[in-house]
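Number of protein chains: 2
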Amino acid sequence: MSAAKSGHIAVIGLGPGGAHQVTPEASAAVVDAKWFYGYGPYVDRLELRPDQVKVASDNREEISRAQAALEKAATGERVAVVSGGDPGVFAMAAAVCEAIEAGPAEWREVELTVVPGVTAMLAVAARIGAPLGHDFCAISLSDNLKPWETIEKRLDAAAGGGFVIALYNPISKARPWQLGKAFERLAKILPASTPVIFGRAAGRPDEKIVVTPLGDVDAAQADMATCVIIGSAETRIIERGDRPALVYTPRFSNPAQGARA
Amino acid sequence: MSAAKSGHIAVIGLGPGGAHQVTPEASAAVVDAKWFYGYGPYVDRLELRPDQVKVASDNREEISRAQAALEKAATGERVAVVSGGDPGVFAMAAAVCEAIEAGPAEWREVELTVVPGVTAMLAVAARIGAPLGHDFCAISLSDNLKPWETIEKRLDAAAGGGFVIALYNPISKARPWQLGKAFERLAKILPASTPVIFGRAAGRPDEKIVVTPLGDVDAAQADMATCVIIGSAETRIIERGDRPALVYTPRFSNPAQGARA
């Protein structure tokens with residue numbers, strides 16, 4: 000008897016929230032799958048046919064979700080795992096790879112496609128100007144999966160190196176103090192005037208974008224749906240009268256304006 | 000006499016290359032503009048109506064292109080500036096902001112929209128697994144606009160801090176040695192087994208994705224259309240028999256596996 004058909008798993012990035020930011024490739028991948036695994040709010044964004052099946056799970060269950068999806072795909076089914084933003088940035092693509100590496104041999108035979116999307120920091124940046132216009136980094140502030148000391152080391156390296164910093168997973172009920180600590184740490188390296196952007200739900204109807212100097216920042220302005228972007232010492236603000244101010248980081252770098260560290 | 004109508008400028012990200020990765024928002028912004036400014040190959044991707052006008056310019060002329068676009072918009076016209084990938088990542092959004100800041104007051108009255116897109120590193124990462132699955136940074140390797148010493152400092156900070164590194168603008172005819180130097184420098188900090196991904200033209204028909212250990216790397220594998228991703232010490236490879244190997248960085252971080260630095 001020959002091996003079972005290996006099936007297919009697509010890890011799909013749905014973008015920051017609005018249908019206008021879902022790529023045609025992602026839409027086609029949704030049409031093409033039968034089983035949909037994902038965090039409830041992401042799965043709920045999908046408009047599915049009666050023959051398509053939603054399997055929603057909780058936020059913290061990435062690995063068991065990836066395993067369930069791979070198990071289904073290994074039976075020959077067409078499976079989708081959906082992420083907000085881009086699935087490769089602090090999202091399900093890495094969880095699926097982890098599950099494949101640790102899982103049974105037949106999971107390696109499943110055909111895997113990753114469909115990229117517009118990740119949150121790009122959507123937030125677009126709404127305010129071009130804060131990511133020069134070298135930048137993305138750090139997950141969650142210390143569920145790495146020690147807080149590693150996060151502190153990376154914040155220091157990024158700010159000291161002159162990178163703009165995008166913080167994902169900045170705060171949650173279970174992690175209330177980390178963002179404030181991160182700001183305190185960055186304030187030792189960066190000027191108090193450094194712009195901090197709180198970008199909540201960028202591209203969605205409930206979008207809220209707030210810019211505050213690092214010296215006056217209040218971590219309570221962030222929630223789970225916020226991506227926080229902290230400028231470098233070279234990030235600038237352009238006042239525009241009646242129009243909202245622009246925040247951008249020039250393409251050129253002048254070391255004389257670099258971080259104090 | 001009242002002021003002239005202020006016009007509108009949209010800085011549009013066309014994604015990595017294929018029409019399947021252009022968001023509906025970007026497509027709508029193209030329909031909505033009359034004048035199109037951009038680097039020739041990006042402008043040539045557009046299918047325009049007879050009443051829409053292409054103004055192509057050379058690769059290195061970002062600021063004069065931004066100025067020409069703002070001048071046109073300030074006369075009340077609807078103008079688009081197109082970028083490949085995301086316009087906020089080493090692209091035209093920052094150049095337009097620079098031009099606004101240095102330009103005449105009426106340029107601040109122009110309505111500005113930035114339309115985000117899938118940037119190259121996300122498209123490359125999607126084709127190989129999830130190399131950006133944990134903390135990462137993006138560095139432009141061009142020393143046209145910043146000193147080489149600044150780039151070296153950032154490479155050291157990023158590799159020493161445990162970030163995966165995406166290099167944009169890795170090499171060109173005018174900058175032949177920089178990528179090789181960068182690899183040499185990173186090899187002092189990262190294990191020789193660290194995966195390096197050369198992602199050329201991801202998502203396009205001429206796509207080519209190559210993975211090499213840092214110890215065997217050859218900078219000549221890159222060209223201007225390549226985005227290079229260098230793993231961290233935690234980035235892993237999953238062999239899959241007949242299927243291409245996956246490269247991914249786990250969501251969790253174990254400091255014991257961190258960089259040697």
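For the record, the sequence lines run as chains Z and E.
Numbering of the first sequence is given in numbering that gives the first Met the number 0, commencing with residue 0 and proceeding in unit increments.
Numbering of the second sequence is given in numbering that gives the first Met the number 0, commencing with residue 0 and proceeding in unit increments.
Idealized CB from N, CA, C, for every residue including glycine.
is_contact[residue i, chain Z] using C-beta, thresh 8 Å
i	result
Thr-248(E)	yes
Thr-225(E)	no
Gly-102(E)	no
Ser-63(E)	no
Glu-70(E)	no
Pro-49(E)	no
Pro-40(E)	no
Glu-105(E)	no
Within 8 Å, strictly: CB atoms of residue i and residue j
i	j	result
Arg-242(E)	Ala-93(Z)	no
Arg-64(Z)	Lys-33(Z)	no
Ala-232(Z)	Leu-189(Z)	yes
Leu-45(Z)	Val-81(Z)	yes
Gly-116(Z)	Gly-84(Z)	yes
Thr-118(Z)	Gly-161(E)	no
Thr-22(Z)	Gln-20(E)	yes
Ala-73(Z)	Ser-5(Z)	yes
Gly-214(E)	Ala-191(E)	yes
Glu-100(E)	Ile-62(E)	no
Pro-86(Z)	Gly-12(Z)	yes
Thr-112(Z)	Ala-9(Z)	yes
Leu-178(E)	Ala-221(E)	yes
When the options are compared against residue i, the one with the closest alpha-carbon
i	options	result
His-7(Z)	Arg-48(Z), Arg-107(Z), Arg-44(Z) and Leu-45(Z)	Arg-107(Z)
Pro-130(E)	Val-227(E), Asp-205(E), Pro-23(E) and Ala-32(E)	Val-227(E)
Val-114(Z)	Ala-124(E), Leu-111(E) and Val-109(E)	Ala-124(E)
His-133(E)	Val-246(Z), Ser-141(Z), Ala-27(Z) and Pro-204(Z)	Ser-141(Z)
Glu-110(Z)	Leu-185(E), Thr-193(E), Glu-148(E) and Arg-126(E)	Arg-126(E)
Val-210(E)	Thr-22(E), Gln-66(E) and Ile-229(E)	Ile-229(E)
Arg-184(Z)	Tyr-36(Z), Tyr-38(Z), Thr-118(Z) and Val-216(Z)	Val-216(Z)
Phe-135(Z)	Trp-147(Z), Glu-148(Z), Arg-153(Z) and Ile-11(Z)	Arg-153(Z)
Pro-49(Z)	Val-30(Z), Ile-99(Z), Glu-61(Z) and Glu-151(Z)	Val-30(Z)
Leu-69(E)	Tyr-247(E), Ala-104(E) and Gly-159(E)	Ala-104(E)
Ser-171(E)	Phe-89(E), Val-88(E), Met-223(E) and Val-42(E)	Met-223(E)
Arg-174(Z)	Arg-203(Z), Pro-212(Z), Ala-218(Z) and Ala-201(Z)	Ala-218(Z)
Ala-165(E)	Pro-212(E), Leu-121(E) and Ser-56(E)	Leu-121(E)
Ala-67(E)	Arg-59(E), Gly-179(E) and Val-54(E)	Val-54(E)
Val-163(E)	Ala-200(E), Lys-71(E), Gly-16(E) and Ser-252(E)	Ser-252(E)
Asn-168(E)	Thr-74(E), Phe-89(E) and Gln-220(E)	Phe-89(E)
Asp-205(Z)	Val-246(Z), Ile-11(Z), Pro-15(Z) and Thr-193(Z)	Pro-15(Z)
Thr-234(E)	Gly-240(E), Gly-202(E) and Gly-128(E)	Gly-128(E)
Lys-145(E)	Ala-9(Z), Thr-248(Z), Pro-40(Z) and Ile-208(Z)	Thr-248(Z)
Pro-194(E)	Ala-221(E), Trp-147(E), Gln-51(E) and Leu-245(E)	Leu-245(E)
Ala-40(E)	Leu-47(E), Pro-212(E) and Asn-58(E)	According to the sequence provided, residue 40(E) is Pro. The question's Ala does not apply to it. The residue with the shortest Cα to Cα distance from Pro-40(E) is Asn-58(E).
Ala-79(Z)	Val-52(Z), Thr-112(Z), Phe-35(Z) and Ile-236(Z)	Phe-35(Z)
Pro-212(Z)	Gly-202(Z), Arg-203(Z) and Ala-186(Z)	Ala-186(Z)
Met-91(E)	Glu-238(E), Gly-102(E), Gly-159(E) and Glu-60(E)	Glu-60(E)
Min CB distance residue i to chain E below 8 Å
i	result
Leu-166(Z)	no
Glu-46(Z)	no
His-7(Z)	no
Lys-53(Z)	no
Ala-18(Z)	yes
Arg-259(Z)	The predicted position of Arg-259(Z) is uncertain, since its pLDDT is 34 and thus under 50; a value taken from the coordinates is nonetheless stated next. No, no contact with chain E.
Arg-59(Z)	no
Val-29(Z)	no
Ala-2(Z)	Confidence in Ala-2(Z) is poor, its pLDDT being 48 and thus under 50, which makes the residue's placement too unreliable to answer from.
Gln-256(Z)	Caution applies to Gln-256(Z), whose pLDDT of 45 falls short of 50 and renders its modelled position unreliable; the value that the coordinates give is listed next. No, Gln-256(Z) does not count as interfacial toward chain E.
Glu-151(Z)	no
Ala-137(Z)	yes
Gly-240(Z)	yes
Leu-13(Z)	no
Ile-228(Z)	no
Thr-22(Z)	yes
Listed by chain order, chain A residues near residue i by CB distance under 7 Å
i	result
Lys-145(E)	The chain inventory of the structure shown lacks chain A, comprising the protein chains Z and E.
Q: Taking a Cβ distance cut-off of 8 Å, strictly less, list which residues of the stretch 117 to 135 of chain Z are near chain E, in chain order.
A: Of all residues in the stretch 117 to 135 of chain Z, Val-117, Thr-118, Leu-121, Ala-122, Ala-124, Ala-125, Arg-126, Gly-128, Ala-129, Pro-130, Leu-131, Gly-132, His-133, Asp-134 and Phe-135 have a Cβ within less than 8 Å of some Cβ in chain E.
Q. In chain order, which continuous runs of the beta strand (DSSP E) of length 3 or greater are located wholly inside the stretch 90 to 174 of chain Z?
A. 110 to 114, 135 to 139 and 163 to 167
Q.
Restricting to runs no shorter than 3 residues, where is the beta strand (DSSP E) found entirely within the stretch 57 to 88 of chain Z?
A. 77 to 82
**Q.** Residues of the stretch 157 to 186 of chain E whose Cβ lies closer than 8 Å to any Cβ of chain Z, in chain order
**A.** Ala-157, Gly-159, Gly-160, Gly-161 and Phe-162
Q: Quick one: which residues of the stretch 74 to 95 of chain Z get their C-beta closer than 9 Å to a C-beta of chain E? List them in chain order.
A: Within the stretch 74 to 95 of chain Z, the residues whose Cβ lies closer than 9 Å to any Cβ of chain E are, in chain order, Asp-85, Pro-86, Gly-87, Val-88, Phe-89, Ala-90, Met-91, Ala-92, Ala-93, Ala-94 and Val-95.
Q. Listed from N- to C-terminal order along the chain, which residues in the stretch 188 to 215 of chain E have their beta-carbon within a distance smaller than 9 Å of any beta-carbon of chain Z?
A. Ala-201 and Gly-202
Q | 4-residue-minimum alpha helix (DSSP H) runs that sit fully inside the stretch 171 to 236 of chain E, ordered along the chain | A | 177 to 186
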